[in-house]
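Just so we're aligned, residue 1256 is where the sequence shown starts under our numbering, counting upward by one.
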Amino acid sequence: MDDVMITISQNFAKVLTDYVGRLQNHDFSEAAMAIAAAILWSYGRLDEVEQAKLEEFITTSPLLQPFTPYRLLNTFQHYSEMYKLHGGKGTEGVRRAVLRIQDEDQQVLLLKFALVLAKADDPVLHDDEEQVIREFCQLLNIRDDEVFGEMDDDGLGEPGP
1256 MDDVMITISQ
1266 NFAKVLTDYV
1276 GRLQNHDFSE
1286 AAMAIAAAIL
1296 WSYGRLDEVE
1306 QAKLEEFITT
1316 SPLLQPFTPY
1326 RLLNTFQHYS
1336 EMYKLHGGKG
1346 TEGVRRAVLR
1356 IQDEDQQVLL
1366 LKFALVLAKA
1376 DDPVLHDDEE
1386 QVIREFCQLL
1396 NIRDDEVFGE
1406 MDDDGLGEPG
1416 P
């Protein structure tokens, strides 16, 4: 009987661990899509060409394979719609989504991922996009250099800002 209880306990622990992992992944993917919307709206308007490129990246990138593309796209569109309907007030929902990520390593990973998203439609990181990412660094108390590292803006090998 003890073997049965041990097996049941082990199975329950595995199910619980998987569930917690899915919740963490859900929070991470939601925060990533919220930041993607913030980056897309960093110019104060929606650029449909950039949106199409970003949506294609979301649905086809190997980086996002652990997540369901349809769910990612819906989440991205939800946060994008917040900006469309509420302008600057849409940022509050984005901030809440990002602040759900408590682990500092995941926060840094999230912001590095935001950098990848910012370059998904165009390899050049524009000032407005960079500013959005830096604002999230401040929000999470993450040093800029942890995210931007030795970013090479000018091709001279000089560290970025």
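Ideal placement from N, C-alpha and C gives every residue a C-beta, glycine not left out.
Predicted, not measured: the structure shown is a model, and the values here were computed from it.
**Stretch-stretch touch, CB-based, cutoff 8 Å, three pairs: the region 1345-1360 with the region 1301-1312** = In short, these stretches do not touch, since the Cβ pair count stays below three.
**Prompt:** Hey, Ala1292 and Val1349 are a contact pair by Cβ (cut 8 Å); roughly how many whole angstroms apart?
**Reply:** Against the sequence shown, residue 1292 aligns to sequence position 37. Against the sequence shown, residue 1349 aligns to sequence position 94. Right, their Cβ atoms sit about 7 Å apart.
**Request:** For the alpha helix (DSSP H) containing Phe1312, list its first residue and its last residue.
**Result:** Taking the first residue of the sequence shown as position 1, residue 1312 is located at position 57. Per DSSP, Phe1312 is one residue of the alpha helix (DSSP H) stretching across 1303-1315.
**Asked** Given a threshold of 16 other Cβ atoms within 10 Å of its Cβ, counted over all protein chains shown, does Asp1382 qualify as buried or as exposed?
**Response** Looking up residue 1382 in the sequence shown gives position 127. Exposed, because fewer than 16 other Cβ atoms sit within 10 Å of the Cβ of Asp1382.
**Prompt:** Which of the three DSSP states, helix, strand or coil, is assigned to Ala1375?
**Reply:** Mapped onto the sequence shown, residue 1375 falls at position 120. Assignment of Ala1375 by DSSP, reduced to helix, strand and coil, places it in the coil class.
**Asked** Expressed to the nearest angstrom, what Euclidean distance is found between the alpha-carbon atoms of Val1371 and Glu1303?
**Response** Indexing the sequence shown from 1 puts residue 1371 at position 116. Indexing the sequence shown from 1 puts residue 1303 at position 48. Taking the straight line joining both Cα atoms gives about 19 Å.
**Request:** Could you give the DSSP three-state label for Thr1346: helix, strand or coil?
**Result:** The count along the sequence shown starts at 1 and reaches residue 1346 at position 91. It is helical.
**Prompt:** So, are the CB atoms of Ala1287 and Tyr1334 less than 7 Å apart?
**Reply:** As a working note, residue 1287 is residue 32 in the sequence shown. As a working note, residue 1334 is residue 79 in the sequence shown. Not a contact, by the Cβ cut-off of 7 Å.
**Message:** Once the 5 residues before and after Thr1330 are set aside, which same chain residues still bring their CB inside 6 Å of it?
**Reply:** The residue labelled residue 1330 in the question sits at position 75 within the sequence shown. Excluding positions up to five away in sequence, the list reads Glu1285, Met1288.
**Prompt:** What separation, rounded to the nearest whole angstrom, lies between the Cα atoms of Glu1385 and Arg1398?
**Reply:** On the sequence shown, position 130 is the one that residue 1385 refers to. On the sequence shown, position 143 is the one that residue 1398 refers to. Distance between the alpha carbons of Glu1385 and Arg1398: 14 Å.
**Asked** Thinking C-beta only, is Trp1296 closer than 7 Å to Tyr1325?
**Response** Taking the sequence shown and counting its residues from 1, the one referred to as residue 1325 is at position 70. Taking the sequence shown and counting its residues from 1, the one referred to as residue 1296 is at position 41. No. Outside cutoff.
**Prompt:** Does DSSP put Ser1284 in a helix, in a strand, or in coil?
**Reply:** Residue numbering aside, residue 1284 sits at position 29 when the sequence shown is read from its first letter. Under the three-state reduction of DSSP output, Ser1284 falls in the helix class.
**Prompt:** Which word fits Thr1346, buried or exposed, when buried means at least 16 other C-beta atoms lie within 10 angstroms of its C-beta?
**Reply:** Walking along the sequence shown from the start, residue 1346 turns up at place 91. Thr1346 should be labelled buried.
**Asked** Can you tell which of Leu1394, Glu1305, His1281, Pro1321 has its C-alpha closest to the C-alpha of Leu1366?
**Response** Indexing the sequence shown from 1 puts residue 1366 at position 111. Closest option to Leu1366, Cα to Cα, is Leu1394.
**Item:** Element boundaries [alpha helix (DSSP H), containing Thr1330]
**Value:** Counting from 1 along the sequence shown, the entry for residue 1330 is found at position 75. Taken as a continuous stretch (DSSP letters only), the alpha helix (DSSP H) holding Thr1330 covers 1324-1341.
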